[in-house]
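A.B. asks:
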Amino acid sequence: MAAHRHPRPAWHVAPLHQRPPGRPAPQPHPRLHRREGRCVTDVTVARRVEHPPPLSLAPEPETETVGPFKQGGAFFQDVPAIPPAVWGSGTEVLWAEGEALILAAPQGVGKTTLAHQIIRARIGLQDAVLGYPVASGKRVLLLAMDRPSQTRRAGHRIFAHDDPAVLNDRLVVWEGPPPFDLAQRTDILAAMCGRAGADTVVIDSLKDAAVGLSDDQVGAGYNRARQKALAEGVQVLELHHLVKRGPNGAAPNTMADIYGSVWITSGAGSIALLWGEAGDPVVSFRHLKQPMDEVGPLHLTHDHPAGVTSVTQSADLLEMARVAGAEGLTALAAAGALFEAKTPTRAQKEKARRKLERHVTLGELNRVEPAYAGGSAAYYPASKGLT
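Using numbering that gives the first Met the number 0, the letters of the sequence shown correspond one by one to residues 0 to 386.
Right, here's the structure in full:
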C-alpha cells in the first residue's frame with residue numbers, strides 16, 4: 000500500500016522580520032532564482048504556507064497627476080504678437096515673462112550692481128533700468144550665494160535710502176550656498192521661491208547654485224530646476240561668468256564664451272553680456288540671445304558711489320539719418336556705428352537694417368530704394384517727406 004503523500008504546499012517569501020530566530024541572513028546573490036512559481040532573493044528566505052497571498056499590483060496613476068495638458072489651438076494660436084516683458088519696451092525685450100535672463104560678465108564689471116537696480120525696479124522703487132521699463136512684481140528672492148558680504152555692501156549703495164518697510168515686505172535674501180545642490184535636487188529652487196512667497200528669483204551666481212556646471216548632466220539638472228521654477232510662475236534672473244577672452248584678446252561676443260554646459264544657455268530665453276576690466280566705470284553691453292529684437296550694443300557707465308548705471312553711448316540712428324543729409328543713411332553705415340566695426344559683417348549689416356526698418360514702421364524714417372541695381376537703400380528723416 001502506497002504511503003499517504005501530503006499535497007505539495009505553495010511557496011511564499013518571508014520578509015526578514017519573520018525569519019526564524021538564529022537563522023543567518025542569506026548572502027547577496029546577483030541572480031534572481033525562479034522555479035515552479037517559487038522566488039528566492041538575496042534579502043529573503045522561503046518558508047511553506049498553505050495559501051499564498053494574492054499578487055499586489057501598483058495602482059494606476061490618477062489622471063490628475065499626469066497633467067496639465069493644453070489644447071493645441073490654445074497653445075499655438077493664443078500667442079501675443081510681442082512677448083510680455085519683465086524688462087523691455089515694445090519689441091526690444093531684454094527679459095521676457097516665463098523665460099530666464101542670464102547676465103554674464105567677468106569679475107568686477109558691474110553685473111551685481113545692474114542686478115540690484117533690476118531688483119529695485121521689480122519691487123516698485125524705480126520704473127526703469129538702462130532706459131527700459133521694468134514691470135513691478137510681488138516679491139523678490141535674492142540668493143546671495145557669491146560673497147554675500149560684498150553683495151551686501153554693493154546693495155547698501157543702492158537701497159540705503161529706501162523705505163525699510165518696502166524692502167522687508169517685498170525683498171527676501173538667502174545668504175550663502177543653497178540647502179541642496181540645485182542640479183541634484185531640481186525641486187528645491189521652486190520650493191524656496193514658494194516658501195519665500197516670491198514671484199522673482201535672482202541667482203547670484205550660477206556657480207554657487209550647482210557644482211560642476213561644465214558637465215552636461217549638471218547643466219541639464221540645473222536647467223530642469225530653472226524650468227520647474229518658471230512653470231510655477233517665477234521669473235528667473237541669473238548672474239553668470241565667462242570662459243575667457245575672445246579671439247586675440249578681443250571682447251567675447253558669442254554664447255560659446257559663456258561658462259559651462261550648453262544646456263545652461265539653451266534653457267535661457269535671453270542672454271546679456273557685460274564686458275570691461277574690473278572696476279571700469281564704462282563697460283560694453285551686448286544682447287547675445289534675444290526673445291525678440293536685439294537691444295544695443297550699448298556703452299554703460301556705472302556710478303559706483305550712487306549705485307546707478309546709465310547708457311552713455313549708443314548709436315542714435317535717427318540723429319545719424321538727420322546729419323547724413325542728401326546721401327541718406329545706409330544699413331552699412333549704421334552697422335559700422337552700432338557695432339564699432341570698420342568692416343561690418345553681413346549679420347551686423349542685417350541687424351542694422353532691421354533697426355532702420357523698425358524706425359520706418361514707426362513713421363520716424365523713410366526708406367528710398369537705390370536708383371541702380373546693386374545699390375543700397377537710403378534712410379531719411381520722415382520730416383523731409385521723402386517717399
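Virtual Cβ for every residue (Gly too), placed ideally from N, Cα, C. These numbers were taken from a predicted model, which means no experiment stands behind them.
1) Round the Cβ separation of residue 145 and residue 203 to the nearest angstrom and send it over; I've been treating them as touching at under 8 Å.
2) Tell me whether residue 187, by its Cβ, gets closer than 7 Å to a heavy atom of the ligand ADP.
3) Counting pairs of beta carbons, one from the region 184-200 and one from the region 149-163, are three or more of them closer than 8 Å?
4) Taking residue 371 as part of the alpha helix (DSSP H), name the residues at either end of that continuous run.
5) Alpha carbon to alpha carbon, how far is residue 268 from residue 96?
6) Who are residue 284's beta bridge partners in DSSP?
7) Are the CB atoms of residue 185 and residue 220 nearer to each other than 8 Å?
8) Kindly provide the ranges of any beta strand (DSSP E) runs that are 3 or more residues long and lie completely inside the region 150-218, ordered along the chain.
9) What do you get for residue 30, buried or exposed, if any count of 16 or more other CB atoms within 10 angstroms of its CB means buried?
10) Tell me the rounded alpha-carbon separation between residue 338 and residue 74.
11) Below 6 Å CB to CB, which residues in the same chain sit around residue 134 once its five sequence neighbours on both sides are set aside?
12) Tell me the DSSP secondary structure of residue 260 in three-state form.
13) Would DSSP call residue 292 helix, strand or coil?
14) Can you check DSSP and say which residues form a bridge with residue 84?
15) Enumerate in chain order the residues of its own chain whose CB-to-CB distance from residue 296 is below 8 Å, with the five nearest sequence positions on each side excluded.
16) Among 377, 302, 121 and 138, which one has its Cα closest to the Cα of residue 197?
17) Please report how far the alpha carbon of residue 99 lies from the alpha carbon of residue 215, in whole angstroms.
18) Would you report the Cα separation of residue 160 and residue 307, rounded to the nearest angstrom?
19) My understanding is that residue 200 touches residue 142, with C-beta atoms under 8 Å, so please give their C-beta distance in whole angstroms.
20) Am I right that residue 369 and residue 82 are in contact with their C-beta atoms under 8 Å? What's the rounded C-beta distance?
21) Evaluate the contact criterion for the region 321-329 versus the region 373-381: three or more CB pairs, one atom per stretch, below 8 Å.
22) Sorted by chain position, which residues of the same chain lie with C-beta nearer than 6 Å to residue 36's C-beta, five sequence neighbours on each side aside?
23) Which one of 350, 364, 367 and 371 has the shortest CA to CA distance from residue 91?
24) Could you say which of 262, 293, 136 and 77 lies nearest to residue 223 if we only look at CA atoms?
25) Mapping DSSP to helix, strand and coil, what is residue 250?
26) How would you call residue 149, buried or exposed, if buried means at least 16 neighbouring beta carbons within 10 angstroms?
27) How many Å lie between residue 363 and residue 259 at the Cα?
C.D. replies: On the basis of the coordinates in this document:
1) 5 Å
2) The model on display carries no ligand, and the ligand ADP is accordingly not part of it.
3) no
4) Taken as a continuous stretch (DSSP letters only), residue 371 belongs to no alpha helix (DSSP H), as it is neither H nor E.
5) 9 Å
6) 273 and 297
7) yes
8) 170-174 and 199-203
9) Because the pLDDT at residue 30 is just 46, under 50, the model does not fix this residue reliably, and the point stays unresolved.
10) 37 Å
11) 85
12) coil
13) coil
14) 95
15) 283, 284, 285, 286, 313, 337, 338 and 339
16) 138
17) 19 Å
18) 13 Å
19) 7 Å
20) Not quite, the Cβ-Cβ distance comes to about 35 Å (not below 8 Å), so this is no contact.
21) yes
22) The predicted model places residue 36 with a pLDDT of 47, which falls under 50 and marks its position as unreliable; any figure quoted below should be read in that light. Cβ neighbours of residue 36 beyond the five flanking positions: none.
23) 350
24) 262
25) coil
26) exposed
27) 42 Å
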